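>
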Amino acid sequence: MPKEDQTKDLIKQINGYHALINRSGELISHFTQSGVITYISPASLSLLGYETNELLGKSILDYCHPHDRPLVEDSFKAITKHIVDKDRLSFRILRKEGDYIWLESTFLLIDSEELFCISRDVTEQKVLEQELKANQEKYQLLVDNLQYTVGIITLSGIWLYINDAGKRLFGTIRSEDIIGKSFIDSFHEKERNRIQDCMKRSLLNLSASLNEATIVRQDHQTKQVELKFIPTMYKEKKTYQVIIRDITERKKIEEKLQQAEKLSVVGQLAAGIAHEIRNPLTAIKGFTQLVKEHYTDEYLSVVLSELERIETIITDLLVLAKPQVEFIQKVDIREIIESSIKLFHSHAILSDCEFITNINFSQQYVEGEADQLKQVFINLIKNSTEAMPNGGKIIINANVKDDFVQIQFKDQGVGIPEDRLPKLGEPFYSTKEKGTGLGLMICNRIIKNHNGSLQIESKVNEGTTVTIQLPKVV
Ligand code: ADP
Ligand code: MG
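The numbering of the sequence shown is this note's numbering, which starts it at -19 and goes up by one.
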């Protein structure tokens, strides 16, 4: 066949073949050896968003992502120089809209002139791959830099992976010291069964709780840790992910805190006792003064009863520390109020304080310990007298309100600035030279133990009102 006819025949063949592809929806294109586009299928066009005439005669390289251009160029060279007869590669190509999509293309030489290319849109897959890779990298970075130990162990308890923090915890910097070794052997003998139980339970999803354990290192140092096992797949095998937190320091601090707390309670009590003894001493001092001037049995018996009070306070050092009301009894609230006020009789005369008592019920009982309640009332009255160095009225109101007995102590003293109110009841908060700042704390505690409430309202230079509510006995 003459050359001309051969060419015509070939063109006819190609046209027929193009007609076939045009209908097939395949992503097919042809290029010259230098990459100029000579044919592009309709499916490719619609994917890329161009018109035929926009692409024909242009170089494919101009549409490749700059990063991928050398790859495509190399591939063309390899094929045209017959180093390979076909090549498959993934690269990004620019769409008319301005974004890139990923193609996986196979190039092959169909004659000495032309390259044939069939492609697949793999954008979605690539994006997913990239996301996965980025996530994996992030995750790895996170795990490597964690303060916690993260590791993977087989179901039979052999280390497969451990992060840097983990190596440090087990006292090494080399992975070889750990990977391939037994996990359970690092723990205290007595704890091994318990840890293995915990591992098995985690498989059944029974307990997600943290377990405390002790690591005994090669260098005989021990570490207190918290453990958590999470069943995971690692390299397509069922494994445990183990998270270990070093709590050695925390444990030490907790112990110290406990000790400090004990000491502070002892200290608070000692100061509190001194404070509580000073109240009756004030009364004794006043009454002794009165006895000296004018002897009566009544004054002496008050002195004696106050001395007894001191005795009980001293011998019963623990009354304040004990959380519960000890001798639960029905106590007559009127009697407690009146006997508390009586103690200030001498003080009132000396400092010009006047007591006004309004008890608006004939008889009312609350449940509790008379001595402790008396202690509260004495504390509050004492605070009121101290707030009025130049004298004034102290009004004590007692009422029944619903299920409560309400007792109010009102004074006309210096008052408490608003910003200080929250501080009241904190131990050692005192504005007095000889104050301990324990009175209100003790009052609060006693009232709370009696299931009651204590509230303080105050206005500077007008006075302070303390309101106590105690459940009444019906
Ligand atoms: P202390 O009496 O040893 O200072 P308290 O706990 O009884 O300790 O009281 C703490 C502080 O609260 C007092 O120092 C005082 O500043 C203030 N305060 C308590 N009661 C009154 C009151 N009735 N009037 C004014 N201030 C008061
Ligand atoms: Mg006080």
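Heads up, the beta-carbon is just placed ideally off N, CA and C, and yes, glycines get one too. Everything numeric in this text was worked out from a predicted model, so none of it was measured.
1) Helix, strand or coil for Gly266 per DSSP?
2) Quick one: Cα of Arg181 to Cα of Gly137, how far?
3) Looking at Leu420 and ligand 2, is the gap between the Cβ and the nearest heavy atom below 8 Å?
4) What does DSSP give as the partner residue(s) for Ala378 in the beta ladder?
5) Buried or exposed: where does Lys242 fall if 16 or more other Cβ atoms within 10 Å of its Cβ makes it buried?
6) Assign Ile(-9) to buried or exposed, taking buried as 16 or more other Cβ atoms, counted over all protein chains shown, within 10 Å of its Cβ.
7) Is the beta carbon of Leu420 closer than 9 Å to that of Gly432?
8) Measuring CB atoms only, is the segment 56 to 71 touching the segment 84 to 104, in the sense that at least three cross pairs come out at less than 8 Å?
9) Can you check which of these residues, Tyr80, Glu347, Glu31, is closest to His45 by C-alpha distance?
10) Can you tell which of Phe11, Pro369, Ile210 has its C-alpha closest to the C-alpha of Thr134?
11) Can you name the start and end residues of the beta strand (DSSP E) that Ile98 belongs to?
12) Around the Cβ of Val123, are there at least 16 other Cβ atoms within 10 angstroms (buried) or fewer (exposed)?
13) Note down the Cα distance separating Ser14 from Ala114, rounded to an integer number of angstroms.
14) Under three-state DSSP, which class holds Pro397?
15) Could you give the DSSP three-state label for Glu134: helix, strand or coil?
16) Roughly how many whole angstroms lie between the Cα atoms of Val299 and Gln352?
17) Which of helix, strand or coil does DSSP assign to Lys(-12)?
18) Residues in the same chain with beta-carbon distance under 8 Å from Val102, minus the five sequence neighbours each way, listed in chain order, please.
19) Is the beta carbon of Glu366 within less than 8 Å of some heavy atom of ligand 2?
20) Which value, in whole angstroms, describes the spacing of the CA atoms of Leu74 and Asp(-11)?
Taking the definition as stated:
1) helix
2) 14 Å
3) yes
4) Ile339, Ile387
5) Confidence at Lys242 is low in this model, with a pLDDT of 49, below 50, so the placement of that residue is unreliable and no value is reported for it.
6) exposed
7) no
8) yes
9) Tyr80
10) Ile210
11) 94 to 101
12) It is buried - the Cβ of Val123 has at least 16 other Cβ atoms within 10 Å.
13) Cα-Cα distance, rounded: 36 Å.
14) coil
15) The residue you asked about is not Glu; residue 134 is Thr in the sequence shown. Thr134: strand per DSSP, three-state reduction.
16) In this prediction, Val299 scores a pLDDT of 41, lower than 50, which makes its location untrustworthy; the coordinate-derived value is nonetheless stated afterwards. Taking the straight line joining both Cα atoms gives about 9 Å.
17) helix
18) Ser70, Trp82, Leu83, Glu84
19) Remark: the shortest separation between the CB of Glu366 and any heavy atom of ligand 2 falls under 8 Å.
20) 35 Å
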